[in-house]
Amino acid sequence: MTLATEPTTLNSRISVDGTSERPQRPAYKSSGRANPAAHLTPAQIEEIGVELDRVRREVMDSRGARDAAYIRRVIAVQRWLEIGGRVTLLGSGVKVKGIRPAFWLGTAALSLAKILENMEIGHNVLHGQWDWMRDPKIHSTTWEWDFVSPAAQWKYKHNVLHHTYTNVLGRDDDLGYGILRVDPDQKWTPFYLAQPLIHWVNAAFFEYGIAAYDLGISDITQRWPGMNEGERAEWRRNASAVLAKIRRQVGKDYIAWPLVGLLTGAAPWVVLGDFIANSTRNVWANTVIVCGHFPAGVETFETDSIEGETRGEWYLRQMLGSANISGSRLLHTMTGNLSHQIEHHLYPDMPSNRYIEVAPRIRALMERYGLHYVTGSLPRQFASVYGRILTYALPNPQPDRSRWQTIRASIRERRGAAFTRSP
Amino acid sequence: MTATTSRAPLGRRRLRDEVARVAQAFATPLVPGDFLDLVSPLRTGADLRGRIVAVSPETRDAATITIRPGRSWRGHVPGQYIRIGIDIDGVRHWRAYSLTSVPAELGTLTITTKAIPDGLVSNHLVRRAGPGTVIHLDQATGSFVLPPVPPAKVLFLTAGSGITPVMGMLRSRLPELHDVVHVHCAPTRTDVIFADELRTYASSGRLRLVERHDDEHGILDLADLQALVPDWRERQAWVCGPTGLLDAAESHWGAAGVEDLLHVERFRPTLVEPGDGGTITFLGSALDVEADGATPILDAGEAAGVLMPSGCRMGICFGCVVTLRDGAVRDLRTGETTVAEEGDPVTIQTCINAVAGACHLDL
Ligand SMILES: Cc1cc2nc3c(=O)[nH]c(=O)nc-3n(C[C@H](O)[C@H](O)[C@H](O)COP(=O)(O)OP(=O)(O)OC[C@H]3O[C@@H](n4cnc5c(N)ncnc54)[C@H](O)[C@@H]3O)c2cc1C
Ligand code: FES
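Protein chains in written order, with our numbering: chain A, 718 to 1140; chain B, 194 to 556.
Set out below in structure tokens:
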């Protein structure tokens, strides 16, 4: 028998116990910008933690047959839409008065199916929101989704890094996904000049972007020399898992179903319909996600601000680091309830259909403590995000030189570096 | 001749595998069955499920549930049990129930459940589950059965709901049994499940029935068996009832040196009472670790060198989920306990749960 003798200190984020002494937050962050929670004392932050834990408990204790019926219904609707859409697409060969009704209908149904599958079902099941039902078919450990990034790899990058370190500069890579600069505290490089365009390329091929991002492809050449054999083997395994998943996904959308389309004379339309459905889903998912963390009013945090963080402080960071999208029930469902991004970040494992009912309580709490509950319609939030993408494509203004001068200097610097490096 | 007959099914199997592989390419990342389940959850080849077609009361707290199993059902031997998985308040629970029906009768099967105080599944089945409910099933299993050639002299000793597997045997094998004594115990006369049927067997002379009602006769003491069934030592015995009765029977038959005549069926293999701390057995690593009630299982496992999956270590990422085969754990955030009994495993997050009674983990 082995004894677990190693004294272990409990993760300070697990519970609100009020035993740890926490410093008062400074009025300004080191970047010089105002600290949005400077007016709260550590004791108040713990109070917030206690209250949020209570709300969580109430909802989690009341999960039941209604919630189970909800997710099963969504899954059934999604599957009917998918099979219906694919079969309808097979009839795209038929033209009626110059249009191809089956093509448009099938593409629309398949787009909806793919959106539901990724957003309201896949994302949320992979968060463990439905694990409590003990149904092995709807479980975070068994679910695989219609997205090229394998569930296991996405779960690590998203659930662990992004949800634990939400909007912490240098810790949460989701902050701009390494390709966008959305906060003045992120360092500027000339690369970001292209981001107004890069954003759209990323959106259109989002699932591939996420797969590459979960795999950590962009900086693998820099990391490789520092990795040990085990890490390299793991990376190779992950990479081949991604390739295998891509093969299956592409095989289904662009080979298997189009082959059946050959029999009905609809093959090229099936390929096109599948491509439109994938792209629609990609742009939609990307839009929802950028609106969840990058609109004006959302805060970022400094790496050292999370040392020894308590549960209350973690909650606070989730509330300040997320933004909601207001709208109809349909919009909430189609966004996978990520329109309730704030509530999702507070309670990532709460069934998504329940966010709508806790939202007013969270909003009231935040207002009571003088915290900004960032919310707005989809067009408004997206305009705000895109405005930031445009603004932060440029370097921050500096007192002693114009933006233009900063850009020129940095390009010159890079060119010089490239020049001295070449033989 | 032999060659052709064995090649044909093999060829057909290959073809079936090939078709399945092609179908999979169209359904990935789901499986074709996920779509077929939309229209036909009980079809051949589906995970075994069943539909409740009737619930008929037997006594004030017991009922017989008639289930139409899916096409994959492979039948049973009287005395065996099935596990059923039923969703209650959205959560799936698995429990074992002995089959009381005659094999292959009318394409349905029956179980008979007695609602026990605070019993989640038994009360649900007896009082709330209605016809139409789809439940999950496992194939029949268990070795509490009569041998193909029945013994000359048989003793059935049952108590309460322990009558169920024996009823399964009586209903299909009684014509083959020529000397049967059945001692059955129940709290009162009206609590006897299948009373009419048993009494009819007895009155028509097909078996000798000894009914013991606790309120009239007191709880059965096995010392009285000698008086009730003088030749009990010569009989193959099948005993089923509460743990106390079974433990007593094992020592009684053992003391008489006739334990090989005894067959028992336990309805309650283990008893898990949540406490504070305990031993964690990592089944995959074949390692026992002692941990207190304040240490996350994740930390205890890591300290002992087990390769534990993990992530956020604060309960939000579900990267640390493992299967708890049986045992009890306590949520360090809420104090809530989760209990898994043998046959009804649950998945738990190791980073926010501490042991609350010996645990067996799939790691
Ligand atoms: C092989 C096998 C065959 C079985 N066949 C039958 C059958 O034919 N008919 C039938 O009614 N039951 C049968 N059972 C028992 C059945 O599986 C359940 O244990 C029983 O219905 C109680 O489940 P529950 O969810 O209602 O109780 P739970 O909610 O799990 O438990 C409630 C309380 O009762 C205690 N408890 C749990 N199980 C039992 C038990 N069996 N006896 C006494 N106390 C218990 C628990 O510790 C707890 O305190 C069988 C069990 C096995 C292992
Ligand atoms: S490690 Fe993240 S939930 Fe347990």
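Positions of the beta carbon are idealized from the N, C-alpha and C atoms, including for glycine.
Query raised in the report: Which value, in whole angstroms, describes the spacing of the CA atoms of B:T530 and B:E211?
Result: 47 Å
**Report entry** 7 Å Cβ cutoff met for B:I545 and B:L525
**Finding:** yes
Query raised in the report: Which residues in chain B sit within 7 Å of A:P1065, going by Cβ to Cβ distance?
Result: I509
Query raised in the report: In chain order, what residues of the same chain have a beta carbon less than 7 Å from the beta carbon of A:G998, not counting five sequence neighbours either side?
Result: The amino acid at residue 998 of chain A is misidentified as Gly; the sequence shows Arg. For A:R998, where only same-chain residues beyond five positions count, the Cβ hits under 7 Å are S828, K831, I832 and N835.
Query raised in the report: What do you reckon, is the C-beta of B:F337 under 6 Å from a heavy atom of ligand 2?
Result: no
**Report entry** Proximity winner among A:S1022, A:G1053 and A:G1009, relative to A:A1040 (alpha-carbon distances)
**Finding:** A:G1009
Report task. Say yes only if the C-beta of A:D936 is nearer than 6 Å to one or more non-hydrogen atoms of ligand 1, and no if none qualify. Result -> no
**Report entry** Closest Cα partner of B:V270 within the set B:R285, B:E534, B:L302 and B:C378
**Finding:** B:L302
Requested in this report: Using a Cβ cut-off of 7 Å (strictly closer), state whether B:F228 contacts chain A.
Outcome: yes
Query raised in the report: Taking Cβ positions only, does B:C552 come closer than 7 Å to chain A?
Result: no
Query raised in the report: Sorted by chain position, which residues of the same chain lie with C-beta nearer than 6 Å to B:R244's C-beta, five sequence neighbours on each side aside?
Result: R261 and V327
Query - Unbroken stretches of the alpha helix (DSSP H), 4 residues or longer, contained in the region 481 to 507 of chain B - result: 490 to 496
Report task. Could you run through the region 865 to 877 of chain A and flag, in chain order, every residue whose CB is less than 8 Å away from some CB of chain B? Result -> K872, Y873, N876 and V877
Query - For B:I473, the residue or residues it bridges with in DSSP - result: B:V482 and B:C552
**Report entry** Where the beta strand (DSSP E) containing B:G243 begins and where it ends
**Finding:** R242 to T252
Report task. Throw me the rounded Cβ distance for the A:W986 and A:S809 pair, which I believe falls under 8 Å. Result -> 3 Å
Query raised in the report: How long is the line joining the alpha carbons of B:T381 and B:D408, rounded to whole angstroms?
Result: 6 Å
Query raised in the report: How would you call A:I765, buried or exposed, if buried means at least 16 neighbouring beta carbons within 10 angstroms?
Result: buried
Report task. Closer than 8 Å by C-beta to B:E224: which residues in its own chain qualify, once you throw out the five before and the five after it? Chain order, please. Result -> Sequence check: residue 224 of chain B is Val here, not Glu. Excluding positions up to five away in sequence, the list reads Q217.
Query raised in the report: Taking only beta-carbon atoms, is A:K969 less than 7 Å away from chain B?
Result: yes
Query - Element boundaries [beta strand (DSSP E), containing B:D524] - result: V514 to D524
Requested in this report: Compare the C-beta of B:V403 with all C-beta atoms of chain A and state if any pair is closer than 7 Å.
Outcome: no
Query raised in the report: Could you give the distance in angstroms between the alpha-carbon of B:E452 and the alpha-carbon of B:E443?
Result: 7 Å
Query raised in the report: Quick one: is A:W941 buried, meaning 16 or more other Cβ sit within 10 Å of its Cβ, or exposed?
Result: exposed
Query raised in the report: Are B:T474 and B:E483 touching if we call contact CB-CB under 7 Å?
Result: no
Query raised in the report: Given that a residue counts as buried once 16 or more other Cβ atoms are within 10 Å of its Cβ, and exposed if not, what is B:G520?
Result: buried
Query raised in the report: What is the C-beta distance between B:A289 and B:Y274, in whole angstroms, given that I count them as a contact (C-beta under 8 Å)?
Result: 5 Å
Query raised in the report: Does ligand 1 have even one heavy atom less than 6 Å from the beta-carbon of B:D254?
Result: no
**Report entry** chain A contacts made by the region 319 to 332 of chain B, where a contact means CB separation under 7 Å
**Finding:** none
Report task. Name all residues in chain order for which at least one heavy atom of ligand 2 lies closer than 6 Å to the residue's CB. Result -> B:S503, B:G504, B:C505, B:R506, B:G508, B:I509, B:C510, B:F511, B:G512, B:C513, B:Q542 and B:C544
Requested in this report: Examine chain A for any beta-carbon lying closer than 7 Å to the beta-carbon of B:G641, and answer yes or no.
Outcome: For residue 641 of chain B there is no data in the structure shown, the boundaries of chain B being 194 and 556.
Query raised in the report: So the alpha helix (DSSP H) A:S1094 belongs to, where does it begin and stop?
Result: No alpha helix (DSSP H) contains A:S1094, which is instead part of the beta strand (DSSP E) from T1092 to S1094.
Requested in this report: Leaving aside the five residues before and after A:M718 along the sequence, list all residues of the same chain whose C-beta is less than 8 Å from its C-beta, in chain order.
Outcome: Residue placement at A:M718 is flagged as unreliable, the pLDDT there being 43, under the threshold of 50; a coordinate-derived value is accordingly withheld.
Query raised in the report: What are the uninterrupted segments assigned as beta strand (DSSP E) that are 3 or more residues long and contained completely in the region 308 to 376 of chain B, given in chain order?
Result: 327 to 330 and 346 to 352
Query raised in the report: How many whole angstroms separate the CB atoms of B:E466 and B:P358, which I take to be in contact at a CB cut-off of 8 Å?
Result: Contact flag wrong, Cβ pair sits at about 27 Å.
**Report entry** B:P250 versus B:I386: straight-line alpha-carbon distance, rounded
**Finding:** 10 Å
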